[in-house]
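Some notes on the structure that comes next.
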Amino acid sequence: MPREKKKRGRRAEKSQSKRKREDEDVLDSPKRQRTADEQNETTTGDDYIPLDIHGHGGEQIQERVDDTPFYGLLDTEEQEYFSKASQTLELNSFEDDDDKRLFIENVYAEASGKELKIACSQSCSRLMEKLIAMSTSTQVKSLFEKFSGHFLHLVQHRFASHCCECLFIRAAPMVTSEMENPKNKKKRDRLTTNESNRDMEQDESLNQKPAVELFLGVISELQGNWGYLLTEPFASHTIRLLLLILAGEPLADQSNARVLASRKKENVGSITATTQSELSIRESRQVPTEFNDTLRRMIVDLSAGLNSTYLQALATHPVGSPVLQVILSIELGCMGKEKIKDKNSVFRRLIPDDTLETKDEGLNFLNSLFYDPVGSRLLETIVRVAPGKFFKTFYKVIIRERIGSLARNEIASYVVIKVLERVSKEDLQSAIESILPEVPSLIQRSRLNVIKTIIDRSIVRGADTASLAKALESAYGDDGVARLKTILGVDADDPVAEEAMKPKSGVSAQHLHGSLLAQSMLQASGSLANMIQSSFLAAPNETIMQIAKNPTASRALQEALKCSRSNTHFRRQFLPRFYGQMCELSLDSSGSHVADALWDATTDLIFIKQRLAQELATSESTLRDSFLGRAVWRNWSMDLYKKKRGEWMSKAKGRDSSVSASTADSSAGPAKSKLDLARARYAAAAEQKEKPDSREQGHRGKKQVMSAPSSLLKAQMERPEEVRKVLNSVQERVVGFVEQADRASLVPGQKDNESQPKILDFKKPEELKEVFKEGLTTSGQGHDGLVRIVDDLLKYSVNTWQQGFLDKLYSSPNAPGLAAELLLGALNANVHVYQSAPALTVVEKLTTRRFAELFGLTGPNAGGISVQGGSASNTTAIVVARNTLFPDTKKNGTGDHRFVLFTSAHGHYSIEKAAQMIGLGSNAVCSVPVDREGRMIPQMLDEEIQKAKDAGKTPLFVNATAGTTVLGTFDPFSEIAEICRKHKLWFHIDGAWGGAFIFSNRQKHKLEGSHLADSIAINPHKMLGVPLTCSFLLGADMTQFHGSNTLPAGYLFHNDVSDGSEVWDLGDLTLQCGRRGDALKMFLNWNYIGSAGYEERIDSASDVAVHLCNLISESPDLILLSENPPPCFQICFFYAPFKQMVHGSGKLVDGRTLDEAERGKLNGEITSMIADDLIQQGFMVDYAPPAAAQVEGDGKYLRCVVNLHTKKETVERLVEPLVNDQKTL
């Protein structure tokens, strides 16, 4: 049952003493202040505290305080007696149950007539609670009747209210018991009394009222006072308890346990032979019809006169809200689904519109509860018990789009947990992707409950957790030992963790949640469990023992040791780590549990169990001197080990009926041998053969004649299986290819290591021709031949998945990209007309439109198209520019126009190639000078344009570059755009490489002015890691693309756009007819990673690039050519021992000075040798000739390209061999 105003997250209060915590739970202030009555206690007696009623109406409250009856005080002797009696019960040192029963009866006799005094006594009320918990049914009813007529005052008392609650809890199972056995009730009561008082007890029980009438009497006493009791700090507890009892709800389950929280540590049990139904308060109970009627009236009376506004205010009231939570849980959970449609129900008054379609007060009310420490608990209750239809609406309208931000909040996250426990598999998968970006923040703040819940629910629902595993691995780091210490909180350098190691220290929530997270990860299959298991394997023995002795962390270790088929390989590697540690473990309070767990963990590894048992036998005397050691000795059946080794071996193998329940099913027979299993398989196969073929059986068992299928029909029937077989084989090898890259990435930089996977097994063309020449055959080689080709293809290809691949402006793809490639191959759709590829057409339109918006192209006709690559983007842009600015050229060609294209000296060569393709010729391209950083000089562009005009030429097109191929520089777009407007030229930006910076708030300032462009090229297959090829040409006005490229082909294009409607036949916008749906690759990646995910990865790669620049600058043998920080992800540098070129200017060779060309050639040869040598060490980097602004004699320089997967450790390992291993060259 909910507490009032329970603080959450970092604002949670530290644990206090039990009684003090009860006081704090019901007051607004974190630390309860003494009341005026308490300050004047000495005037009325130190033992008695008058009824303490808190409310909101001053005069009314004062009147009630004045009417409070005074039940008197216990004298000094009575206080002393009852205090000692409480201590005696606490010690529980009675000889037997009869002795204990007799003592309790004597205490009751002494308390006769003083029950009300004791209940209101600060020092003795706890004794009353103990007595009630240990009482017989007769004693409980007798005390019930003593309290009758006083309940209205008792439930409002600070101490007496606890006695009332204890009395109600003890009496609740009696109602069900009397319903089930009305005839045996008196007999049972007689059997549970003491022999010496049997006659007196029997006579008393005959005159007592049934438990039902006693409860109805309490309700009758409180009737008419519900309004102010609802928000009374102590009485509200009782109201909640009575509601649960009347409804027959469990009183100690997870959702209602808080009502009993103050008694969890009492450790008092009944001494009577009560029935199981009386003892059980953890299960739903049968209740009489009178309770049902009374419950309905009670709920009506509690909410009578409260309109929607007052009820919504009550939702955040620290005292009233928990009562409201219980009412809602009963309404929605016990009274049927029709209650949600009842306009007079509390639920409908809180939320008038259960469809949540309009932003009425109900929707606003629910939104207001997420971040309220009290109101969020009401929201949890609604999520937990609401009917499925309302929950789905609630999730769709309120939760789904914002679940990530809600999970990040320390209060709203608790609501998210309840939501995750109810959503379907599909919604859970979607929620995981939304929460993934918040995982690093959740881990940093040690709020792991949301992550744990995701894992737990994924296990139940069968959801995919691979992306979550990657996010956790990224957040915790690659170092398995450090990751394990962080999760479990056992870092010796952490004073908090070190304090938590001490047995008497309280367990911090951070370490507890970390241990629970690790346990959930271990219960999940796949990469989540592998993260923890690999960390355990990597950890040194000292860390393992430190974890084993930690009271919270050891739980995770015990979970890892649980015996299952999925972790056999792990246990086989890990269990020997405990050799020599068994005695030390057995003598530790936490380690002894690990020692016990090792018994089950070694059930199928008997040779390890024997070794551990021998260690215990060697330390027998030490273990027998310790209580913990004796427990481990007993749990390992070591006496049996010493005396009857054969029986112990049978038990150790799990063949004994007394084996641990965690590893052996008690209903299962002895474990079968391999021979028995083989015989069973043979018998099953023989039985299957004897069964008639189902195809030969008619409706009445008659044999039916079936014609043999034709070869074509047979082939069609076999296609799904053929696809499955081929894809499974290829998938296995592709996954192995990726795993090989990950293994290589662990230790790149090790030269000539045969066990180290190579980034490339280089072969000359002639050699590879011999490998593949048998691939094209006449008869075909089927599945086996295909697999051989796949194996060779992977073997002799560059493994771009490896960390050491730093060569080109692209890198490895990812899982969504591979999925997209598979889908495109399966669909085999041509995205030239809408009819042939409707879904892929919409995907392309949405993707290009979203890209255009990112760049600021927000006009009504803005959008884009998918093309074959960056070169095709630039070519298409030139054609669109020519046909738009000079429409006659579309039909008549260039005519008398001498078109000129302008690009920077560092621009891509595709501009010159495009000029050749469309008939302008290479000389039509004007190379504009660049500054020292490689940026186009706007003034020089203006001058070149004017020169062309003066020469009678026609300036047409300006290509600015966002991320040049070599240095990665960005041209000044705003200034270039101004010049283009001045001369009325088409302004195009080649952002094939650097355009992806538009995702990063840190980097997109480099694209300032891109919104002024007429067209923009961007290649997601470069920086964004999408599989090749994936390229887009964006346009500010796509009607220009249509006007430039459309041709009359009525047999193909049926999209009539004469009325200005949108073009859906995308082939009418491009130079292509056959168009692959490559936009799907970006669409799936964007969906999978998100804009925020791309921003994080780009920023991380930028940091790695800066780190590499710093390493090169600090190195004594390398010279950095790039800017620092670099404009993009390329880093250019020379190998130069002691900051001097190997062949420096003026160097003499054979008595003569080398000229610049010779010097450049020699230095370039060294650079290419270094690049070749790095391949053997797991790295691929490129090199380039000197640019116009560089010294020719320095020769080629090395160029390294960081990508979104590159780690700092990788570039550190790259620099090391460059400095240490190249001097021999």
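Numbering of the sequence shown is given in UniProt numbering, commencing with residue 1 and proceeding in unit increments.
Cβ atoms here follow ideal geometry from the backbone N, Cα and C, with glycine treated the same way.
Being a predicted model, the structure only gives us computed values, none of them experimental.
Q533: member of the alpha helix (DSSP H) spanning 527-538, first to last residue. Take S974, set aside five residues on each side of it, and the residues of its chain with a beta-carbon closer than 8 angstroms to its own are E1008, G1009, L1012, in chain order. The beta carbons of T903 and N959 sit about 4 angstroms from each other, so the pair counts as a contact at 8 angstroms. DSSP places A304 in the coil class of the three-state scheme, outside both helix and strand. When the Cα atoms are used, L102 and A119 turn out to be separated by approximately 22 angstroms.
For P955, the enclosing beta strand (DSSP E) has its first and last residue at 954-961. Between L152 and K117, the C-beta gap is not smaller than 8 angstroms, which leaves the two residues out of contact. By the neighbour-count criterion, in which a residue is buried when 16 or more other Cβ atoms sit within 10 angstroms of its Cβ, M1169 is exposed. R285 is bridged by DSSP to nothing; it lacks a bridge partner. Between K418 and R447 the beta-carbon gap is near 15 angstroms, outside 8 angstroms, which marks them as no contact.
With the rule of 3 Cβ pairs closer than 8 angstroms, the stretch 1093-1106 does not count as touching the stretch 1177-1187. In the three-state scheme derived from DSSP, where H, G and I count as helix and E and B as strand, L1066 is classed as helix.
In terms of Cβ geometry, L468 and I432 form a close pair [threshold 8 angstroms]. Contact between T543 and V594 does not hold, since their C-beta atoms are separated by about 14 angstroms, which reaches or exceeds 8 angstroms. Beta bridge pairing from DSSP links D1182 with R1199. Here S566 carries a helix assignment [DSSP, helix/strand/coil]. Taking C583 as reference, the option from P437, R981, P540, V632 with the minimal CA-CA separation is V632. Taking F987 as reference, the option from I878, L528, V326 with the minimal CA-CA separation is I878.
Taking a 10 Å sphere around the C-beta of C1073, we find fewer than 16 other C-beta atoms and assign the residue as exposed. A buried status is given to G869, since no fewer than 16 other beta-carbon atoms sit within 10 Å of its beta-carbon. Excluding five sequence positions before and after K1081, the CB atoms of its chain that fall closer than 6 angstroms to its own CB belong to G817, A820, V1026, P1027, C1030, given in chain order. Contact annotation: the stretch 1199-1211 does not touch the stretch 1147-1159, with fewer than three C-beta pairs closer than 8 angstroms. In the DSSP assignment, F82 falls within the alpha helix (DSSP H) that extends over 76-91.
DSSP, read as helix, strand or coil, puts G591 in helix. With 16 or more other Cβ atoms inside 10 Å of its own Cβ, G1164 counts as buried.
With 16 or more other Cβ atoms inside 10 Å of its own Cβ, K141 counts as buried.
In this structure, D990 lies away from H906, with their beta-carbon atoms at least 8 angstroms apart. The beta carbon of S515 sits closer than 7 angstroms to those of L488, T552, A553, R555, A556, all from its chain and outside the five residues before and after it, given in chain order. In the three-state reduction of the DSSP assignment, I544 falls in the helix class. Looking at the DSSP output, L1148 sits in a beta bridge with T1153.
Assignment of beta strand (DSSP E) within the stretch 815-877, counting only whole runs of 3 or more residues, yields 863-867 in chain order. With fewer than 16 other Cβ atoms from the protein chains shown falling within 10 Å of its own Cβ, K891 counts as exposed.
Contact between N861 and T1039 holds, with the beta-carbon distance rounding to 5 angstroms and staying under 8 angstroms.
T1070 is not a Cβ neighbour of T841, given a cutoff of 8 angstroms.
If only complete runs of 3 or more residues are kept, the stretch 973-1002 shows the beta strand (DSSP E) at 986-991, in order along the chain. Boundaries of the beta strand (DSSP E) around I1131: 1130-1135.
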